[in-house]
Ligand code: C2E
Ligand code: MG
Ligand code: MG
Ligand code: MG
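In full-length UniProt numbering, the protein residues as written are 576 to 867.
Rendered as structure tokens:
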């Protein structure tokens, strides 16, 4: 009987693995079709100046428009795409689309805004990364000053010498670089001082309990103070409550991002948003923006 049970468990286990494997293969095939059909959409989340409340830019966040499953979040397919190599064409699409959208906003009179694009470590390390980037800016007509790239700590910790070289070239081009999800990697803080970067983004996991957990409060204060002493700007991501915003403002955080202000939204929604909030200093300090 025990044997019988054991076998069932094993059969269950192997069939779970088979399900998982075939699920992944199906997703990979779907993703290939999505790449060919460009079935992706960028959503933009506003970044606000902590002092004036003005919109200072947007983060571009990719969604997969799946024919059956609807909008799929990047957490569900970016890691897969990194494993399969499909991240290459997806990144190319994201970068160009973000550049095109910013040019379009400017052309239609919404103003000039800087867009932050998340960069997969694999992209950053590619030999022709900078050439491709130049090409994308040239093709789309976006000036390099209006592009920011978000990198994670891990990228900069491995092969630091090469990473620093690439960062210098980006800086020479005029492209801004920020460190995303700051504090979640194994940050040896000493590496920060040798990096030609402009900003760090405090990870949402620290912001969440910043007002209720004194350790998180202390960490956030420490990060902000250290960053400022190094001449870096600080962005806080994942702000959902007024109390978090107030804490961050009181401790000198420079830029706010989070659902409290605005959720990521497609370009048409962003245009409506800018009609209401673009170039309106101070308003965001009073009111959150309800939207979905
Ligand atoms: P990230 O770069 O840290 O982006 C911020 C994530 O936090 C986004 O999730 C955003 O929707 C979410 N977020 C913003 N404010 C709040 C808030 O107040 N509360 C909560 N709970 N969440 C908030 P999203 O869009 O699902 O993206 C997840 C991750 O996927 C991103 O994290 C980024 O690492 C990656 N990603 C997104 N787009 C791209 C892309 O185009 N290329 C690459 N390589 N990665 C991407
Ligand atoms: Mg990001
Ligand atoms: Mg982030
Ligand atoms: Mg994050």
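Cβ atoms here follow ideal geometry from the backbone N, Cα and C, with glycine treated the same way.
- Task: Compute the minimum distance between the beta carbon of residue 666 and the heavy atoms of ligand 1, and state whether it is under 7 Å.
- Result: yes
- Count the other C-beta atoms from every protein chain shown that fall within 10 angstroms of the C-beta of residue 730, then say buried if there are 16 or more, exposed otherwise. buried
- Query: For the alpha helix (DSSP H) that residue 667 lies in, which residues bound it at each end?
  - Reply: 662-682
- Task: Verify the contact flag: residue 693, CB atom, against every heavy atom of ligand 1, threshold strictly below 7 Å.
- Result: yes
- Message: I'd like to check one pair, residue 696 with residue 659: are the Cβ atoms closer than 8 Å?
- Response: no
- Would you say the beta carbon of residue 873 comes nearer than 7 Å to a heavy atom of ligand 1? Outside the displayed range of the chain (576 to 867) lies residue 873, so it cannot be described from this structure.
- Item | Closest by C-alpha distance to residue 652, when choosing among 614, 608, 603 | Minimum Cα-Cα distance from residue 652 among the listed residues 614, 608, 603 corresponds to 603.
- Anyone know if the C-beta pair for residue 826 and residue 796 falls short of 8 Å? In this structure, residue 796 lies closer than 8 Å to residue 826 by Cβ.
- Item | Opening and closing residue of the beta strand (DSSP E) in which residue 754 lies | 751-757
- Closest Cα partner of residue 751 within the set 723, 778, 771, 757: 723
- Item | Rounded C-alpha distance that separates residue 842 from residue 617 | 8 Å
- Message: Does residue 704 come out as helix, strand or coil in the three-state DSSP assignment?
- Response: Residue 704 falls in the helix class under three-state DSSP.
- Query: residue 755: beta carbon under 7 Å from a heavy atom of ligand 2?
  - Reply: yes
- Query: How is residue 685 classed by DSSP in three states: helix, strand or coil?
  - Reply: coil
- Message: Given a cut-off of 8 Å on the beta-carbon distance, is the pair residue 878 and residue 798 in contact?
- Response: Coverage of the chain is limited to positions 576 through 867, which leaves residue 878 absent and any answer about it impossible.
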